[in-house]
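In the UniProt record's numbering, the protein residues as written are 1 to 578.
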């Protein structure tokens with residue numbers, strides 16, 4: 001007699017297993033199994049009852065101290081779990097990497113050179129690391145070897161990671177890799193590239209000194225205007241162009257002291273070489289100089305740009321002074337188109353957000369209230385000091401001495417230099433006393449909830465111009481993703497080429513996660529957390545070893561399906577002893 005397991009497949013595809021007590025009998029020259037007892041389904045088995053039965057048999061046989069073999073043990077011996085590593089997120093990224101044709105694009109740019117390691121797999125491992133668990137390249141090499149399954153890559157050494165970065169930058173000369181990758185993705189996703197949104201950001205380095213601008217290998221890390229409010233640290237400037245869907249088009253890396261007004265020509269020329277067709281470039285007020293606007297119109301191009309309203313621009317003042325009716329576009333947006341004499345090639349669009357106007361007014365009133373309170377306090381303190389000096393003089397019979405005004409002047413200086421409150425103050429030319437600048441307050445009240453746009457495109461409606469400019473937030477969202485989700489900083493590199501490679505790896509990771517977010521309608525952190533629960537388990541035993549993937553939930557399977565990526569195999573890499 002023996003225990004045996006049988007299984008049956010249900011109509012829905014699931015498998016049910018049953019446990020039976022059987023005995024082999026010889027019938028007509030053949031051996032047939034005769035079922036003596038059906039113990040029922042294995043997942044509903046009364047294990048304690050079986051243990052009591054085994055103990056009862058052992059007592060009858062006089063082997064009460066014997067240890068029964070574990071239930072389910074097979075003749076082939078037990079299996080040992082060798083390792084268990086997450087697979088799901090890297091499998092999805094690798095599927096998108098292949099679907100978007102990034103692997104073939106890299107292979108075509110790197111060329112037919114032979115290397116001991118797979119450069120494309122190494123680059124993918126570094127990109128996956130930025131998307132899943134951002135770390136230094138040394139930590140990324142250990143992560144790809146021990147902590148995460150990277151399809152097609154068994155192990156990664158640090159020196160191979162740096163070599164792959166050098167080859168990536170070398171292949172991306174004149175943005176060749178970015179061009180090949182983007183057009184492959186644009187063809188697959190059917191992207192519209194009629195509007196390109198461009199913006200810049202900065203990222204700093206934790207070091208005390210900047211690079212020598214004329215250095216041979218390191219010159220990018222320079223002091224400049226920091227958008228992270230760290231002007232005390234050297235930095236680099238990063239430019240990014242994205243589509244209206246937020247898909248990154250191309251990235252640039254410049255020295256930290258680069259001014260926004262000086263990069264538009266390079267951006268325009270770089271995208272012109274890609275032959276994207278008729279493109280309208282959208283950028284904010286930092287790029288709105290007359291020279292930049294003129295350059296963006298070359299070769300039939302057009303622009304939508306924000307115009308600074310508070311710096312005394314004559315054109316801006318003229319546009320804002322023009323009368324006319326607003327057109328309601330959305331619940332919180334009204335637009336008005338203005339054309340100025342002598343400027344036929346440019347249209348101005350005044351946008352007004354009523355809800356933002358209320359917030360501007362409330363914020364300004366809170367600041368004015370704080371100023372009035374502080375000025376009243378300083379005045380009362382000054383009068384109290386004068387009264388004390390007068391009372392002291394009356395007691396002594398001496399002429400009252402002028403009290404020290406230094407503490408009060410110090411308080412007024414602090415108020416005048418306050419970054420938010422100082423803008424509303426003016427100083428008397430003779431007494432030096434502070435007061436609220438009512439003319440400035442009235443001028444700002446006329447701009448509540450408004451922003452001014454300019455465009456050279458004659459065909460776009462005022463509504464399309466306003467909504468197109470609002471989509472510039474996609475570029476800002478891309479920078480937030482690079483700095484938070486992908487951990488653009490800290491940057492652990494010193495050489496310029498390695499810094500550029502680091503930014504390029506972040507660009508590739510951003511492309512993959514934006515495609516995943518677009519296809520699944522979920523955020524990448526949520527996708528990565530769900531797929532991170534899928535593990536690849538390595539099992540070994542006397543009969544060999546294999547890798548088994550944990551069972552997928554319906555939610556996990558849907559993520560793969562929505563992205564067009566095949567499911568990871570249930571079992572793989574079966575090896576038998578030689």
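Think of the CB as a built atom: it goes at the ideal place given N, C-alpha and C, for glycine as much as any other residue.
Only a predicted model underlies this, so the values are computations on that prediction, with no experimental measurement involved.
Buried versus exposed, by CB contacts within 10 Å (16 or more), residue 185 = buried
Under three-state DSSP, which class holds residue 302?
-> strand
Once you ignore the five residues that flank residue 462 on each side, which residues in its own chain have a CB closer than 6 Å to its CB?
-> 335, 337, 349
Identify which residue in 457, 39, 548 has its Cα closest to the Cα of residue 280.
-> 457
In terms of alpha-carbon separation, which member of 44, 35, 130 lies closest to residue 483?
-> 130
For residue 431, verify whether its CB is less than 7 Å away from any heavy atom of the ligand ADP.
-> The ligand ADP is not part of this structure, which contains no ligands at all.
Evaluate contact between the segment 358–373 and the segment 419–430, counting only Cβ atoms and requiring at least three cross-stretch pairs below 8 Å.
-> yes
What residue range is occupied by the uninterrupted alpha helix (DSSP H) comprising residue 353?
-> Neither: residue 353 is in no alpha helix (DSSP H) and is coded neither H nor E.
Along the chain, where does the beta strand (DSSP E) that runs through residue 571 open and close?
-> 571–575
Could you tell me which residues DSSP puts in a beta bridge with residue 502?
-> DSSP lists no partner for residue 502.
Hey, could you find the ends of the beta strand (DSSP E) residue 593 is sitting in?
-> This structure cannot speak to residue 593, because the chain is shown only from 1 to 578.
Please say whether residue 233 and residue 204 have beta carbons closer to each other than 8 Å?
-> yes
Which residue from 410, 542, 468 puts its Cα closest to that of residue 351?
-> 468
Pull up the DSSP beta-bridge partners for residue 426, would you.
-> 435
How about residue 246 and residue 237: are their beta carbons less than 8 Å apart?
-> no
Close beta carbons around residue 577, own chain, < 7 Å, minus the five adjacent residues each side | 544
Residue span of the alpha helix (DSSP H) that contains residue 223, given as start and end = Residue 223 -> no alpha helix (DSSP H), and no H or E assigned at all.
Take every Cβ of the segment 247–263, pair it with every Cβ of the segment 163–170, and state whether three or more of those distances are shorter than 8 Å.
-> no
Using three-state DSSP, classify residue 292 as helix, strand or coil.
-> helix
Sub-8 Å separation of residue 466 and residue 453 beta-carbons | yes
Report yes if the C-beta distance between residue 96 and residue 512 is below 8 Å; otherwise report no.
-> yes
Would residue 70 be called buried (16 or more neighbouring beta carbons within 10 Å of its own) or exposed?
-> Its pLDDT being 45, under 50, residue 70 is placed unreliably by the model, and the measurement read from it follows with that caveat. Residue 70 comes out exposed.
Which one of 222, 277, 264, 278 has the shortest CA to CA distance from residue 295?
-> 264
How should residue 388 be labelled, buried or exposed, when 16 other C-beta atoms within 10 angstroms of its C-beta is the threshold for buried?
-> exposed
Identify every residue that forms a DSSP beta bridge with residue 40.
-> 19
So, helix, strand or coil for residue 248, using DSSP?
-> strand
Look up residue 197 in the DSSP assignment and give the residues it is bridged to.
-> 242, 282
Bridge partners - residue 24, DSSP secondary structure assignment = 33
Excluding five sequence neighbours on each side, which residues of the same chain lie with their C-beta closer than 8 Å to the C-beta of residue 22?
-> 1, 2, 3, 4, 33, 34, 35, 36
Return the CA-CA distance between residue 326 and residue 143, expressed in angstroms with no decimal places.
-> 57 Å
State the Cα-Cα distance for the pair residue 229 and residue 390, rounded to the nearest angstrom.
-> 48 Å
Please report the residue range of the alpha helix (DSSP H) in which residue 7 lies.
-> Premise fails: residue 7 lies in the beta strand (DSSP E), 2–9, not in any alpha helix (DSSP H).
Please look up how many angstroms separate the CB atoms of residue 538 and residue 83, rounded, as I've assumed it's under 8 Å.
-> 5 Å
Pair within 8 Å by beta-carbon distance, residue 307 and residue 316 = yes
When we look at the beta-carbon of residue 473 and count the other beta-carbons within 10 Å, is it buried (16 or more) or exposed?
-> exposed
For residue 417 and residue 375, the rounded distance between their alpha carbons | 14 Å
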